[in-house]
Every structure is written in C-alpha cells, then in structure tokens.
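For reference, the structure is listed below as structure tokens.
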Amino acid sequence: MRKTLVLSLVLILVSSLAAFAADPSSTSNLPKFLVFNHEEIKIGKMGEHDTMMRQLLQNVNSANADWHWIAASSVTGTSSDYLGIGMFNTYTDIEKGLQAQDKVIKTSMQNADYARETEDTHQSRKITIVRLRPELSYQAEKVNFANARFWDVTIIQVKPGADDDFIDLAKDYVELHKKGNIDVSWATYSADYGTTSPVFVYITPRQSLAELDVDREAQYKAVFTPPVTKRLDSFSTEYMTRIESILVQVRPDISHPPQTIVAANPDFWNVKETVAESPTPKGKKKKAPVEPAAMKEKEQPK
568 MRKTLVLSLV LILVSSLAAF AADPSSTSNL PKFLVFNHEE IKIGKMGEHD TMMRQLLQNV
628 NSANADWHWI AASSVTGTSS DYLGIGMFNT YTDIEKGLQA QDKVIKTSMQ NADYARETED
688 THQSRKITIV RLRPELSYQA EKVNFANARF WDVTIIQVKP GADDDFIDLA KDYVELHKKG
748 NIDVSWATYS ADYGTTSPVF VYITPRQSLA ELDVDREAQY KAVFTPPVTK RLDSFSTEYM
808 TRIESILVQV RPDISHPPQT IVAANPDFWN VKETVAESPT PKGKKKKAPV EPAAMKEKEQ
868 PK
C-alpha cells in the first residue's frame, strides 16, 4: 500500500486525449470532467519537486505516452500547495489515462533516487473528480483554459442533503447575472468523488489578475438587492459548511497539455524544456536545453 502511494505521489494529473471544440451557444468547449490533484509539498522541497516533474516530462516524451496535464502552483493559501488539473470527457478516458500513467511511472520509479525524492518531497495528496454542470455555469462559452495564466477558483461545500437546495439557489444566481447583464463568466463543476459532502467548484480562468480590478459594484447592486442578499446570506449560514476562494498560477514549464491546448496559445505553452536528472545523493543535477515538449508531441508520427 505504501509503495502504491509513493508511486502515485509523483503525479501531477492525467488529462483527456480529446479536443474540445468551441461552441458559442453551449458548454461544449469545456471538458465534462476535471481531475484535481492537490499536493502539499514539504517546506523547502518545491525545487526538488519541480526537478522531478521535469524528469517525468522527459519520460513521458521518451515513451510517447498519451498522458497530458496542466500544472499550477498556489498564489494564495499555503505557498507549498501544488495543483494538477486533468481534463476528460468520459470515465473511459480517465481509465485510458491511468493506463498510460502506469507505464511511465514504472519507468520513472526504476531510478532509486527518483523514487526516494518522490516520497521525501510530499506531505500529503488529495484527488477529486468533478463533473461539469452547464445549468450552473454562466457565459461558459467565454471560459478559455488554453489562454489562462491564472485560475480563479471558489469551492463551496454544503451540508449532506442540502445539494438540491443549493442547486436551486445557484440557478437563481445565474439568472440574476443574466438579468443584470453582468460581464463575467464561470464554469461550475460538482464533485463525483473525493469529498465527504456535496462540493461545487466555480472556475474562472484569467489571462491576467488585472481583470480583478474591473469595478462592477453598480451592476451587482442593481440586481443583488437587500432582500436577495439577505436570502443568500441566510442560505450560507444554514446550509454551507465551507466557502473558499483561491488563486493558482499556471506553470507551462512543468505542464504537458494536449496539442489542442498548445495550438490555441503556442507562445505561452511552448516553453523550452530542460533535461533534469533526478537528484543524486549529493544533490547534484544536470540541465541542458532541449526542444519544447509540446513541439515534440506535435512532430511525432501519427
């Protein structure tokens, strides 16, 4: 069991093989499932973790593995938090991703130093699978993961049995935004696995934090009147057990996104890769510039 955990801790995430074609009238531009891999890295060990991720990238490319991920590190909260985001359209795709992952992990763990550092760098790890909720999303056609440099995420946990009440309230929340023609957007997902009570995740990808400087107070006040606000506050007090807003910064240098994501924003995703050896007992590492991982994937024969 411990060996299995150690093997798993090296992972950032797995993501789908499918391309997500944009459709301005629906949420078909979005993955149906996200897999969040939240890792807490030991204090002072983030550098070693990044080195291992670069080694993992090399192993993925060497094996031509159909295994992709987007990596992110925390802006708020604990500085050692690390988040991986996987994108899937079906549970069948998730299973295929796991199979590709296993092959790469077996190769990676043959290096004793790599295996040791995998265990030494991690404090904890939690995986959550969430499902897209189109009816709770707003202007989801504007949600663009390929161009995001930051993810603005709000996590809402409700009491067991209160999820239907929350869904009704969340639908009203969307309608209020439509009524006020408020120019924001988000995609909403609800947890399938990995939580002890109902959890809803609101995601707004951002190209820049400057987007948060836009003043929409007047628009909100026009539709979120005192009675409406009172209702929201009352529900929060009675039914919600957790509301947390976090910011994470996308890390293209240790991500392995699908080619569809790369093609949508090549300047951002085509980061020059470095060859990184797993740390030796003396802590020595060797690095040399090589071709970007995204370009390698593009050039490989079909």
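Numbering of the sequence shown is given in this note's numbering, commencing with residue 568 and proceeding in unit increments. Using N, Cα and C, we set each Cβ at its ideal position, and we do this for glycine too. Since the structure is predicted, the reported quantities are computational estimates derived from the model, not experimental observations.
Those residues which DSSP pairs with residue i across a bridge
i, result
"Asn604", "Gly651 and Ile694"
"Glu811", "Ile722"
"Tyr756", "Leu699 and Val768"
"His689", "Ile608"
"Ser874", "Summary: the structure shown does not reach residue 874, with the chain confined to residues 568 through 869, and so no result is reported for it."
"Tyr705", "Trp753"
Cβ pair residue i, residue j closer than 8 Å
i, j, result
"Phe712", "Ile661", "no"
"Ala639", "Leu650", "yes"
"Val720", "Gly653", "no"
"Ser523", "Asn631", "Only positions 568 to 869 of the chain appear in the structure, and residue 523 is not among them; the question remains open."
"Trp753", "Ser704", "yes"
"Pro769", "Thr695", "Correcting the residue type first, residue 769 is Tyr in the shown sequence and not Pro. Contact flag unset, no."
"Arg809", "Ile722", "yes"
"Asp816", "Val642", "Looking at the sequence shown, residue 816 is not Asp but Gln. Cβ distance < 8 Å, so Gln816 and Val642 count as in contact."
"Gln668", "Trp634", "yes"
"Arg698", "Tyr658", "no"
"Val781", "Lys746", "no"
Unbroken beta strand (DSSP E) run spanning residue i, endpoints
i, result
"Gln724", "Phe717 to Val725"
"Asp739", "Where Asp739 is concerned, there is no enclosing beta strand (DSSP E), although the alpha helix (DSSP H) it sits in stretches over Asp730 to Gly747."
"Arg773", "Val766 to Arg773"
"Ala713", "From DSSP, Ala713 is part of no beta strand (DSSP E); its letter is neither H nor E."
Nonlocal neighbours in the same chain, by C-beta distance under 6 Å from residue i, ignoring five residues either side
i, result
"Glu858", "Residue confidence is low: Glu858 scores 49 on pLDDT, short of 50, so the model does not pin down where it sits. Its coordinate-derived value is still stated next. Closer than 6 Å at Cβ, skipping near neighbours: no residue."
"Asn714", "Gln774 and Asn832"
"Ser801", "none"
Among the options, the one whose alpha carbon lies nearest that of residue i
i, options, result
"Arg773", "Lys709, Ser757 and Lys693", "Lys709"
"Arg798", "Phe603, Arg818, Ala737 and Ile672", "Ala737"
"Pro765", "Ile734, Gly653 and Lys693", "Ile734"
"Leu597", "Arg809, Ser641, His605 and Asn656", "Asn656"
"Arg692", "Asp732, Thr771, His744 and Glu607", "Glu607"
"Tyr806", "Val790, Val781, Lys726 and Val741", "Lys726"
"Pro824", "Ser595, Glu615, His605 and Asn628", "Asn628"
"Gly644", "Val829, Leu814 and Asp780", "Leu814"
"Gln706", "Val751, Trp634 and Leu776", "Val751"
"Asp732", "Ser803, Ile828, Arg700 and Thr827", "Ser803"
Cβ-based neighbour list, residue i, same chain, cut-off 8 Å, excluding 5 preceding and 5 following
i, result
"Lys900", "Lying outside 568 to 869, the shown extent of the chain, residue 900 is not represented and no answer is given."
"Ile821", "Ile579, Asp617, Met620, Arg621, Leu624 and Ala638"
"Val795", "Leu743"
"Asp590", "Confidence is the limiting factor: at Asp590 the pLDDT is only 39, short of 50, which leaves the residue's position unreliable and the question unanswerable from this model."
"Pro793", "none"
N- and C-terminal bounds of the alpha helix (DSSP H) containing residue i
i, result
"Tyr658", "Tyr658 to Ser675"
"Gly893", "Residue 893 cannot be examined here, being either before or after the span of the chain that is shown, 568 to 869."
"Asp633", "Run containing Asp633: none; DSSP gives neither H nor E here."
"Phe835", "Pro833 to Trp836"
"Pro598", "It is not in any alpha helix (DSSP H) - Pro598 carries neither H nor E in the DSSP assignment."
"Phe802", "Pro793 to Tyr806"
Sequence-distant residues of its chain with Cβ nearer than 7 Å to residue i (five each side left out)
i, result
"Met613", "Ser647"
"Pro819", "Phe835, Trp836 and Val838"
"Lys670", "Ala630 and Ala632"
Short CB-CB distance (under 8 Å) between residue i and chain C
i, result
"Thr721", "Looking at the structure shown, chain C is missing, and only one protein chain is on hand."
The ligand PLP heavy atom lying under 7 Å from the CB of residue i
i, result
"Ile770", "Absent from the structure shown: the ligand PLP. Ligands present: none."
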